[in-house]
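Notes follow the structure.
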Amino acid sequence: MKKFYSLLLIVFMAATQAIAGPIISNAVTGNWNATTSWAGGVVPGPGDDAIIVPGANITVTADATVSSISFSGTAATARTLMVNAGVILTVNNGITLDNAIANNTTCAIAGAGTIKCASLKIGGTVTTGFTADRTVSFSSSIATLNIGGDLTVRSEDEISNQHNSTFTHISGTINVTGNLVLDAENDGSASSTTCTYTMNGGGAETGILDIAGAAAISIPGTGTATFTADGTAATVIYSGGAQTVRNVTYTNLTLSGNGTKTMTGVSSVTGNMTMNGTVAATTAAAFTVGKDLTIGSGTTLTIAGFSFDVSGNTSISGTLISNSTTGSKSFDNLSINNGGLFNSTANENYSFTGDLQVDGTGSINSGTGMWTFSGNGILSGTGSATITNASFVTDYTNNGTYTFGNLDVTGPGAVTLLNNKTITVTATLAGNDNFDQGINSLLNFGGASIAISGFTASASNNTVNYTAAAQTIRGVAYQNLTLSGSNTKTLGNNTTVNATLSMKGTAALALGGNTLTYGASSTLEYAGSTAQTTTAVEFKTPGGPTNLTINNSNGVSLHASRMIPGVVTFINGVLTTSAPNLIIVGSSGSVTGASDASFVDGPVKKIGSGGFTFPVGKTGVGYMKIEITNVTGATTEFTAQYVRASAITTFGTTGLATIGLQGVSNCEYWTLDRAVTTSSADITMYWNAHSPCGGSYLSDPLFGIRIAHYNITSSQWDAHGGGSPTGNASSGSITWAGVSNFSPFALAALVGSQSSLPVVLSNVKGYENNQGIQIDWSNLTEKDLVSYVVERSTNGVSFTPINEQSPRSNNNDKQSYSAFDATPVAGANYYRIRVLELSGKVVYSKIIRVDIGKMTAAFSLYPNPVRGNVLSVSVNNRQGQYSLKVSNANGQEIYSRKIVHQGGSMTQTIELLSTIKPGVYNIMISGDNYREAKIFVVQ
Numbered sequence: 002m003k004k005f006y007s008l009l010l011i012v013f014m015a016a017t018q019a020i021a022g023p024i025i026s027n028a029v030t031g032n033w034n035a036t037t038s039w040a041g042g043v044v045p046g047p048g049d050d051a052i053i054v055p056g057a058n059i060t061v062t063a064d065a066t067v068s069s070i071s072f073s074g075t076a077a078t079a080r081t082l083m084v085n086a087g088v089i090l091t092v093n094n095g096i097t098l099d100n101a102i103a104n105n106t107t108c109a110i111a112g113a114g115t116i117k118c119a120s121l122k123i124g125g126t127v128t129t130g131f132t133a134d135r136t137v138s139f140s141s142s143i144a145t146l147n148i149g150g151d152l153t154v155r156s157e158d159e160i161s162n163q164h165n166s167t168f169t170h171i172s173g174t175i176n177v178t179g180n181l182v183l184d185a186e187n188d189g190s191a192s193s194t195t196c197t198y199t200m201n202g203g204g205a206e207t208g209i210l211d212i213a214g215a216a217a218i219s220i221p222g223t224g225t226a227t228f229t230a231d232g233t234a235a236t237v238i239y240s241g242g243a244q245t246v247r248n249v250t251y252t253n254l255t256l257s258g259n260g261t262k263t264m265t266g267v268s269s270v271t272g273n274m275t276m277n278g279t280v281a282a283t284t285a286a287a288f289t290v291g292k293d294l295t296i297g298s299g300t301t302l303t304i305a306g307f308s309f310d311v312s313g314n315t316s317i318s319g320t321l322i323s324n325s326t327t328g329s330k331s332f333d334n335l336s337i338n339n340g341g342l343f344n345s346t347a348n349e350n351y352s353f354t355g356d357l358q359v360d361g362t363g364s365i366n367s368g369t370g371m372w373t374f375s376g377n378g379i380l381s382g383t384g385s386a387t388i389t390n391a392s393f394v395t396d397y398t399n400n401g402t403y404t405f406g407n408l409d410v411t412g413p414g415a416v417t418l419l420n421n422k423t424i425t426v427t428a429t430l431a432g433n434d435n436f437d438q439g440i441n442s443l444l445n446f447g448g449a450s451i452a453i454s455g456f457t458a459s460a461s462n463n464t465v466n467y468t469a470a471a472q473t474i475r476g477v478a479y480q481n482l483t484l485s486g487s488n489t490k491t492l493g494n495n496t497t498v499n500a501t502l503s504m505k506g507t508a509a510l511a512l513g514g515n516t517l518t519y520g521a522s523s524t525l526e527y528a529g530s531t532a533q534t535t536t537a538v539e540f541k542t543p544g545g546p547t548n549l550t551i552n553n554s555n556g557v558s559l560h561a562s563r564m565i566p567g568v569v570t571f572i573n574g575v576l577t578t579s580a581p582n583l584i585i586v587g588s589s590g591s592v593t594g595a596s597d598a599s600f601v602d603g604p605v606k607k608i609g610s611g612g613f614t615f616p617v618g619k620t621g622v623g624y625m626k627i628e629i630t631n632v633t634g635a636t637t638e639f640t641a642q643y644v645r646a647s648a649i650t651t652f653g654t655t656g657l658a659t660i661g662l663q664g665v666s667n668c669e670y671w672t673l674d675r676a677v678t679t680s681s682a683d684i685t686m687y688w689n690a691h692s693p694c695g696g697s698y699l700s701d702p703l704f705g706i707r708i709a710h711y712n713i714t715s716s717q718w719d720a721h722g723g724g725s726p727t728g729n730a731s732s733g734s735i736t737w738a739g740v741s742n743f744s745p746f747a748l749a750a751l752v753g754s755q756s757s758l759p760v761v762l763s764n765v766k767g768y769e770n771n772q773g774i775q776i777d778w779s780n781l782t783e784k785d786l787v788s789y790v791v792e793r794s795t796n797g798v799s800f801t802p803i804n805e806q807s808p809r810s811n812n813n814d815k816q817s818y819s820a821f822d823a824t825p826v827a828g829a830n831y832y833r834i835r836v837l838e839l840s841g842k843v844v845y846s847k848i849i850r851v852d853i854g855k856m857t858a859a860f861s862l863y864p865n866p867v868r869g870n871v872l873s874v875s876v877n878n879r880q881g882q883y884s885l886k887v888s889n890a891n892g893q894e895i896y897s898r899k900i901v902h903q904g905g906s907m908t909q910t911i912e913l914l915s916t917i918k919p920g921v922y923n924i925m926i927s928g929d930n931y932r933e934a935k936i937f938v939v940q
């Protein structure tokens, strides 16, 4: 019995294998997963081949997988495979639509889902036995069809009977990893077959075909193969490497992936053309884009020797190259994005009917052809661009930053180019129409003269900058007028400046027989690149500017006395004045911005009542203001000046003890003179880091500090005032109220106070004497000292004491001393004076150098290079009087002094201006039958 059952099982299995084959659908409308949809009630699985027969309408409602699908059968009845949204039908092998011998055959795939298959083939499965011409038609409107290999549309030709094939792509996206193969057979008869892939078959016509294969669209047969891509919203994407673009009319064309896309005469994209990835393409015929052209980052489109027209927006993030002057080139709106380049390698002409926008690092190489703008558009963007030649024939507005070589504004009617941001013209600004400066705009003009018919520059806060060498200034009303560059700028007609006239570069102004008029709120600014001297042309009187601005780090010198009724603003650089060339601040005037970087070196006059801070100081020192308050009388005049010189040396000490002062500043003083009225004033004087002539200025407490007045008439210090100083030893101020006698004034110390004025060593020198070296020095303000110690070094670094002396006076007066070194070393000897104060503070002199046994050199320098502004000059010559001069590389003398030499070797310390700049300098010493020069470097 067991053997019988085994035999029965074997027979059953053999029978099952014998009848195994494809699973065929029923000609019904049903669900893929329903057994009633399939003959035999078996739903096809991953290893099955499924056949969908005419009349079947199968819907896939859940993910499914089969080996293959064939649409076959001889009836003409249509059949449909529908995949619902969110559902994936996977076909491990291919999908085939068979052609029938006796009937036309139709099939459709549709739905909002996805089909994945290895390949798709339409027609060509039946090759013989045709009884008449037949057509197999396949349509696709499924949302996504992914084909891992080729999509093939094939037609068969059997003598007089043709079996044609048509693939209609209605909607959805078809992604072809391989190629689209259109294979139309021709057996040599009078008529041949046709095979067609059309994206213009009616309906929505929104299909997207993405082809990644190298051949892209392959047409191996000799029959009639047709590819149409001009459906209402159809899109073809070439997404592989190097591919050939089929020469048809496209609605939307995308070139992506990488490599070169060969255009093969493509001439029309009626919708949008897009390039992305790293592709490159070159036009091969006259080319039009009906809507937008997008050239993505990393891509390159080359316009060859043909016409090129874009009706919509052109967006360039990659590179657009135009390399031929053959054919016209026209655009509507053009945007060059960050990193994009419009590169005209030929001197081609271009037409624009819309806007131009350049952003970020986007750039234009315009060539020398003419760029014509005719669309009433806008120039804008966050970047900048240069166009060599441009013509505006309709109204345009600039909201960006653009440079033009030659700019012409001429239209068929009244045309205006309105500049709302920045335009630079390097050569000509011409035309029969108008150029208007908008609010906050800037025009940089580098041509000879502005020749355009209409030119306005009066809008609020706009600036016109003449940037070249000699130029003619257009005679109009300016808001802000800047003269930069170089040479002379000459008025072409009467000119008005309502805001600021700025003198920059090395430019100068000439009237040319015309009139310069300043507005009621005008400002004259000096902001040159070299030292400037004012002139009566731009700094006229009467009718001069209301305000003055100093903004030149090299300094400005006043050519004559001038009054400013408004505000004097200090930004950078020193304004140098003198008694005959005085800056006067009017009764309603004021000063702002004075600092160490910018002030007046020389006298300043203020007219009017109230208070005023004089912005005075000294070149090489800094800002050292003096202030007056509680002034009465609208016509009262006060003139102040800061003097960097010893008040003791200048005026002496007469009267100090009588009025209870132990001393006055040995560094500085101020002159303050009153005129017109007899108004008194409260005077405030200041000290800071610039005050102490190189050492600490004061000692706490500050209660002994006062302001001292010197009487010029009686030649003595006659009064002092002020109390309750503020600040500390480093910086502070003191006020003397109700002062009625003026000029000069100095900071002073009361007798018995703990405040001290600085130790000032002067005339420190050394020289060879009786086979040794004598060192001389003076203290201009000897007080509260313990000792002087002379120290020697053989290398300028390590010093040892060789002589000590006690102070003779300590009475705040000048004392001179000498010391003798009987055992100097051969060669270089370095000396300095060490001063010890009662407070324990130590002050050192500058280091001097004296050479012994080197009579061959008349003089030498130490150190060289110089760091700072102090050097030592060693003279080894006969007795006599010598002249020492220092000049810069331009030959300008910056320092001079006389030297009385006792003969032999002597070293003298030279202290140059503290503002001396790094560079190469020349020092020359001359005397009776002697003249020698040396070069030294300041670092």
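When we follow this note's numbering, the leftmost residue of the sequence shown carries the number 2, and every step to the right adds one.
For glycine and all other residues, C-beta sits at the position ideal for the given N, C-alpha and C.
Because the structure is a prediction, the values reported are computed rather than measured.
### Query
Excluding sequence positions up to five away, which residues of its chain have a Cβ less than 6 Å from the Cβ of Gly621?
Leu914, Ser915 and Thr916
### Message
My output table needs one value for Ala40: the three-state DSSP class, helix, strand or coil.
### Response
helix
### Query
Hey, would you say Thr398 sits closer than 7 Å to Ile424, going by beta carbons?
no
### Neighbour-count burial assignment, Phe446, 16 or more Cβ in a 10 Å radius
buried
### Query
By Cβ distance, which residues of its chain are closer than 7 Å to Ser716, with the 5 residues on each side in sequence left out?
Thr655
### Query
What's the C-alpha gap between His902 and Ile849?
15 Å
### Message
I'd like the ranges of any alpha helix (DSSP H) spanning at least 4 consecutive residues and lying wholly in the region 193-221.
### Response
none
### Query
So, do the region 771-784 and the region 703-710 have three or more beta carbon pairs nearer to each other than 8 Å?
no
### 7 Å Cβ cutoff met for Phe456 and Leu418
no
### Query
How big is the Cα-Cα spacing for Gly603 and Tyr883?
31 Å
### Message
Tell me which residues share the same chain as Ile474 and place their Cβ nearer than 7 Å to its Cβ, disregarding the 5 neighbours each side in the sequence.
### Response
Tyr467, Lys490, Thr491, Leu492, Gly493 and Thr496
### Task
Could you tell me how far apart the beta carbons of Asn889 and Gly869 are, in whole angstroms, since I believe they sit closer than 8 Å?
Their Cβ separation, rounded to whole angstroms, is 17 Å, which puts Asn889 and Gly869 out of contact at 8 Å.
### Task
Flag this pair as touching only if the region 88-102 and the region 35-45 have three or more C-beta atom pairs under 8 Å; answer yes or no.
no
### Query
If you follow the alpha helix (DSSP H) that Ile649 is part of, which residue opens it and which one closes it?
Ala648 to Phe652
### Query
Just to confirm, are Leu549 and Ile572 a CB contact at a threshold of 7 Å?
no
### Task
State the start and end residues of the unbroken beta strand (DSSP E) segment that holds Gly31.
Thr30 to Asn32
### Task
Report the rounded CA-to-CA distance for Ser588 versus Glu638, giving the unit in angstroms.
9 Å
### Message
Contact defined as beta carbons within less than 8 Å: I believe Met276 pairs with Thr295. What is the distance between those atoms, to the nearest angstrom?
### Response
7 Å
### Message
Here's a check: name, in chain order, each residue in its chain whose Cβ is nearer than 8 Å to the Cβ of Ser897, leaving out the five neighbours to either side.
### Response
Ser884, Leu885, Lys886 and Val887
#### Entry: Segments assigned beta strand (DSSP E), at least 3 residues, entirely inside the region 288-350
288-290, 294-296, 301-304, 309-311, 314-317, 320-323, 330-332, 334-337 and 342-345
### Task
Out of Val61, Ala469 and Thr547, state which residue places its alpha-carbon closest to the alpha-carbon of Leu502.
Thr547
### Message
Among Glu792, Leu872 and Lys122, whose alpha-carbon lies nearest the alpha-carbon of Tyr831?
### Response
Glu792
### Task
Just tell me which of Ser487, Ser461 and Thr327 has its CA closest to the CA of Asn478.
With the sequence shown as reference, residue 478 is identified as Ala, and Asn is not the correct amino acid for it. Among Ser487, Ser461 and Thr327, the Cα nearest to that of Ala478 is on Ser461.
### Message
Tell me the rounded alpha-carbon separation between Phe353 and Ala391.
### Response
11 Å
### Query
DSSP three-state call for Gly370: helix, strand or coil?
coil
### Query
Going by the CB atoms, is the gap between Gly224 and Glu186 shorter than 7 Å?
yes
### Query
Between which two residues does the beta strand (DSSP E) containing Gln816 stretch?
Asp814 to Asp822
### Terminal residues of the beta strand (DSSP E) in which Leu583 lies
Note, Leu583: premise wrong, no beta strand (DSSP E); not H, not E.
#### Entry: Check whether Thr362 and Asn334 have beta carbons under 7 Å apart
no
### Query
Where are the beta strand (DSSP E) runs, 3 residues long or more, that stay fully inside the region 692-742, in chain order?
706-712, 717-722, 724-728 and 733-740
### Task
Take Arg341 and list the residues in its own chain whose beta-carbon comes closer than 7 Å to its own, dropping the five residues that flank it on each side.
For clarity, residue 341 is Gly in the given sequence; the question names Arg instead. Same-chain partners within the cutoff: Ile317, Ser318, Gly319 and Gly363.
### Message
Using a 10 Å radius around the Cβ and a threshold of 16 neighbouring Cβ atoms, would you call Arg675 buried or exposed?
### Response
buried
#### Entry: Test item: CB-CB of Val237 and Leu210 under 7 Å
yes
### Message
Does Lys122 come out as helix, strand or coil in the three-state DSSP assignment?
### Response
strand
### Query
Taking the alpha carbon of Gly242 as the point to measure from, which residue in Phe613, Thr279 and Pro616 has its own alpha carbon closest?
Thr279
### Query
First and last residue of the beta strand (DSSP E) that includes Glu159?
Leu152 to Glu159
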